[in-house]
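Following: one structure in structure tokens, then a few remarks.
Residue numbers (this note's numbering), protein chains in the order written: chain A, 931 to 1254; chain B, 13 to 263.
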């Protein structure tokens, strides 16, 4: 009896459980208070689980990168550039699956660029990626002339299903989100590489002294983010059948917010995939929930702000408790 | 300990030079540690102790000079090389990641894995506890974050990491700095356990009182040079202390 109580207490006093509490509260509030219970309507759930989770997939990578102690503010710009590359490849008539592979490679390359500037130039990644954020967004605007272009991939139904279809009743984006979270979670918590990520973020000097190639760890994490951005770019462009140079705008801070809500430390070394998973869901649920509640969009960021502050305070409180 | 006389050298560093930009940090230092010997490396801040040791542990590279390990010439270019030889370094406070668990810290960079690089957590937990017990440290769980431990316990974790990987030489960089009297005693006790296991120790400190009891030999450094190299039986604590002061003053 006492054993279970101790365990229950440990469970409550960890940051990622707090975040699940926030998640449950949000879902309940939106379900109960949305007009005609529209939030829990199957149609809305489907929208949330497809469109909403595109962002969440990307946030998983950003959280992982933050645990190793680095930022990526260029995610939205990597996304839009990748989408543009996909559009151009699509227009030449190349097989979309091949295009996807190429675009994933482009994403990895852009992530690698961020990493090399940060690691070799010893520049804080906040600054590096602030630069590449502007560069890739601007470059894409320049190339596309800011115009929207049609990109209808439905000529390849298999491709469309893979990125924007349903399996049974479940939108594939949900499956991708869960799959990526599980893979990244296994890497982070059960794989040797995960220990290197934590060690690098927690105490880089120690990690280096213990023979961990911390630069390589960071490079790989940046590349994972790049690949996820490229993946989401392809998923989004397949769904909308249209390229827009505004894709991914504002996602960089939302992704940081998702990670922080999920208990990730801005200083690196602290965080969990479970927490990031929930944080990424929370951001998407707030965005969707407020729309369904017919609350003007301007409120969205007010609510983001409140949830971030609440999460940070509660995590700080929890950490004090667990230390005492 | 008469066996000290005829100890085989474990490590020999010969004529080591190191510049940092225009700073001439090491000016041709010879340094030797015998098998199972405990050497106290003493000197003020900036004397070059840490630089010398960081060259041995692969963190820096010497601009000139040679290193011999068990009488074979070796080329240490990274911490990995040095650990492969059996040289482990316990840095002051720097070697641990506070938010990671004891087991994850002990195995940092050398995690035991099952298939596909998946951590063998059971092995990590069991072996860390065993290594800690060997040092006489009884901690509740291998999953506690290191930041919840006392200073002495943290040193114990760092040292047990070295024990576990069958180090032949353990380098301790200021292991007693910032510790309470009781914790210092703990650390000195750890060193005695290492001596029993015939593991050589380099104990870097500027506190003579901490090192005098445990070391077999003392090397005094000042301004990038070796100023003295004396066996314990040839010197008293007072003489050693005078030697250190004089070395610092010599131009």
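C-beta atoms are modelled at their ideal positions from N, C-alpha and C, and glycine is treated no differently.
TODO: With distances taken Cα to Cα, identify the nearest neighbour of residue 1201(A) among 995(A), 1235(A), 970(A).
DONE: As a first step, residue 1201(A) must be located in the first chain, where it is residue number 271. The candidate whose alpha carbon is nearest that of residue 1201(A) is 995(A).
Open item on the list: In whole angstroms, give me the CA-to-CA distance for residue 16(B) and residue 48(B).
Closed with: The residue you call residue 16(B) lines up with position 4 of the second chain. The residue you call residue 48(B) lines up with position 36 of the second chain. Here residue 16(B) scores only 48 on pLDDT, less than 50, and its place in the model should not be relied on; the value that follows carries that caveat. Their Cα atoms are separated by approximately 9 Å.
TODO: Going by CA-CA distance only, name the one from 1234(A), 1226(A), 1216(A), 1229(A) that's closest to residue 957(A).
DONE: As a position in the first chain, residue 957(A) is number 27, starting the count at 1. Looking at the Cα atoms, 1216(A) is the closest of the given residues.
Open item on the list: Given this structure, state the Cα-to-Cα distance separating residue 1065(A) from residue 1186(A), to the nearest angstrom.
Closed with: For this step, residue 1065(A) is matched to residue 135 along the first chain. For this step, residue 1186(A) is matched to residue 256 along the first chain. Their Cα atoms are separated by approximately 20 Å.
Open item on the list: Could you give the first and the last residue of the continuous alpha helix (DSSP H) run that contains residue 117(B)?
Closed with: Indexing the second chain from 1 puts residue 117(B) at position 105. 114–118 is the span of the alpha helix (DSSP H), which, as asked, contains residue 117(B).
Open item on the list: For the region 1136–1152 of chain A, list every residue whose C-beta sits within 8 Å of some C-beta in chain B, in sequence order.
Closed with: 1136, 1137, 1138, 1139, 1140, 1141, 1142
- [ ] Check the Cβ of residue 1109(A) against every Cβ in chain B and list those closer than 8 Å, keeping chain order.
- [x] For the purposes of this step, residue 1109(A) is identified with residue 179 of the first chain, where counting begins at 1. Within 8 Å Cβ-Cβ: nothing; residue 1109(A) doesn't reach chain B, min ~17 Å.
Open item on the list: Within the continuous alpha helix (DSSP H) that includes residue 1190(A), where are the two ends?
Closed with: In the first chain, the residue the question calls residue 1190(A) occupies position 260. Its alpha helix (DSSP H) spans residues 1181–1191.
- [ ] Have a look at 59(B), 262(B), 84(B) and flag the residue whose alpha-carbon is nearest the alpha-carbon of residue 26(B).
- [x] Along the second chain, one-based indexing puts residue 26(B) at 14. If we check each option's Cα against that of residue 26(B), 84(B) comes out closest.
- [ ] Below 9 Å between beta carbons is the criterion; list the residues of the region 173–197 of chain B that meet it against any residue of chain A, in chain order.
- [x] 173
- [ ] At 3 residues or longer, and completely inside the region 217–254 of chain B: list those beta strand (DSSP E) runs for me, N to C.
- [x] 229–234, 237–243
Task: Identified DSSP bridge partners for residue 1172(A) - done: Here residue 1172(A) is taken as the residue at index 242 of the first chain, counted from 1. According to DSSP, which records beta bridges pairwise, residue 1172(A) is partnered with 1080(A).
Task: Chain-ordered neighbours of residue 1200(A) on chain B, where CB pairs are closer than 9 Å - done: As a working mapping, residue 1200(A) is identified with position 270 in the first chain. By Cβ distance, chain B contributes 111.
- [ ] Using a Cβ-Cβ cut-off of 7 Å, state whether residue 91(B) counts as contacting chain A.
- [x] As a working note, residue 91(B) is residue 79 in the second chain. Yes, contact with chain A.
- [ ] Helix, strand or coil for residue 32(B), going by three-state DSSP, please let me know.
- [x] As a working mapping, residue 32(B) is identified with position 20 in the second chain. The answer is strand: DSSP assigns residue 32(B) an E or B state.
- [ ] Say whether chain A places a C-beta atom closer than 7 Å to the C-beta of residue 130(B).
- [x] Numbered from 1 along the second chain, position 118 holds the residue referred to as residue 130(B). By this cut-off, residue 130(B) is an interface position.
Open item on the list: Quick test of your reading: residue 97(B) and residue 139(B), contact by CB under 8 Å. State the CB separation rounded to the nearest angstrom.
Closed with: Against the second chain, residue 97(B) aligns to sequence position 85. Against the second chain, residue 139(B) aligns to sequence position 127. Actually they are not in contact, since the Cβ atoms of residue 97(B) and residue 139(B) sit about 21 Å apart, beyond 8 Å.
Open item on the list: Within 7 Å of any Cβ in chain B, is that where the Cβ of residue 948(A) sits?
Closed with: Here residue 948(A) refers to the residue found at position 18 of the first chain. Answer no: the Cβ-Cβ gap between residue 948(A) and chain B never drops below 7 Å.
Open item on the list: For the alpha helix (DSSP H) containing residue 137(B), name the first residue and the last one.
Closed with: For the purposes of this step, residue 137(B) is taken as the residue at position 125 of the second chain. First-last of the alpha helix (DSSP H) with residue 137(B): 133–146.
TODO: Measure the CB-CB distance between residue 224(B) and residue 242(B) and report whether it falls below 7 Å.
DONE: One-based indexing of the second chain puts residue 224(B) at position 212. One-based indexing of the second chain puts residue 242(B) at position 230. No, these two residues do not count as a Cβ contact at 7 Å.
- [ ] Apply the 10 Å Cβ neighbour rule to residue 167(B) and answer buried if 16 or more other Cβ atoms are within range, or exposed otherwise.
- [x] Here residue 167(B) refers to the residue found at position 155 when the second chain is read from its first residue. Buried, because 16 or more other Cβ atoms sit within 10 Å of the Cβ of residue 167(B).
- [ ] Determine which residues share a DSSP beta bridge with residue 50(B) and list them.
- [x] Locating residue 50(B) in the second chain gives position 38, where the first residue counts as 1. Answer by DSSP bridge pairing, in chain order: 213(B).
- [ ] Answer with yes or no whether the minimum CB distance from residue 1125(A) to chain B is below 7 Å.
- [x] Locating residue 1125(A) in the first chain gives position 195, counting from the first residue. Cβ-Cβ to chain B under 7 Å: yes for residue 1125(A).
Open item on the list: Taking only three categories from DSSP, how would you classify residue 971(A)?
Closed with: One-based indexing of the first chain puts residue 971(A) at position 41. The answer is coil: DSSP assigns residue 971(A) none of H, G, I, E or B.
Open item on the list: Taking beta-carbon pairs under 7 Å, can you tell me which members of the region 959–974 of chain A lie near chain B?
Closed with: none
Open item on the list: Along the region 62–77 of chain B, where does the CB come closer than 7 Å to a CB of chain A? Name the residues.
Closed with: 71
Open item on the list: Between residue 1245(A) and chain B, is the shortest Cβ-Cβ distance under 7 Å, so that the two count as touching?
Closed with: Counted from its first residue, the first chain places residue 1245(A) at position 315. No - not a single Cβ of chain B is within 7 Å of the one on residue 1245(A).
Open item on the list: With a threshold of 7 Å on Cβ separation, who are the neighbours of residue 1195(A) within its own chain once the five nearest residues in sequence on each side are excluded?
Closed with: Residue mapping note: residue 1195(A) aligns to position 265 of the first chain, counting from 1. So the list reads 1201, once near-sequence residues are dropped.
TODO: Please classify residue 1229(A): is it buried, with 16 or more other beta-carbons within 10 angstroms of its beta-carbon, or exposed?
DONE: For this step, residue 1229(A) is matched to residue 299 along the first chain. It is exposed - the Cβ of residue 1229(A) has fewer than 16 other Cβ atoms within 10 Å.
- [ ] Tell whether a beta-carbon distance below 7 Å holds between residue 1062(A) and residue 1004(A).
- [x] Here residue 1062(A) corresponds to residue number 132 of the first chain, with the count starting at 1. Here residue 1004(A) corresponds to residue number 74 of the first chain, with the count starting at 1. Yes, the pair counts as a contact, with Cβ atoms nearer than the cut-off.
Task: Sequence-distant residues of its chain with Cβ nearer than 7 Å to residue 74(B) (five each side left out) - done: Taking the first residue of the second chain as position 1, residue 74(B) is located at position 62. Excluding sequence neighbours, residue 74(B) sits near 28, 29, 30, 67.
TODO: Return the residue from the list 72(B), 172(B), 40(B), 102(B) that minimises the CA-CA distance to residue 88(B).
DONE: For the purposes of this step, residue 88(B) is taken as the residue at position 76 of the second chain. The option with the nearest alpha carbon to residue 88(B) is 72(B).
Open item on the list: With a threshold of 7 Å between beta carbons, is residue 1128(A) in contact with chain B?
Closed with: Working through the first chain from its first residue, we reach residue 1128(A) at position 198. Yes, its Cβ sits closer than 7 Å to a Cβ of chain B.
- [ ] Give the straight-line distance between the Cα atoms of residue 1015(A) and residue 1091(A), rounded to the nearest whole angstrom.
- [x] Within the first chain, the letter at position 85 stands for residue 1015(A). Within the first chain, the letter at position 161 stands for residue 1091(A). Each residue's Cα considered, the two are about 21 Å apart.
Open item on the list: Across the region 211–220 of chain B and the region 32–39 of chain B, are there enough close Cβ pairs to call them in contact, namely three or more that are closer than 8 Å?
Closed with: no
TODO: Using three-state DSSP, classify residue 93(B) as helix, strand or coil.
DONE: Numbered from its first residue, the second chain carries residue 93(B) at position 81. Helix.
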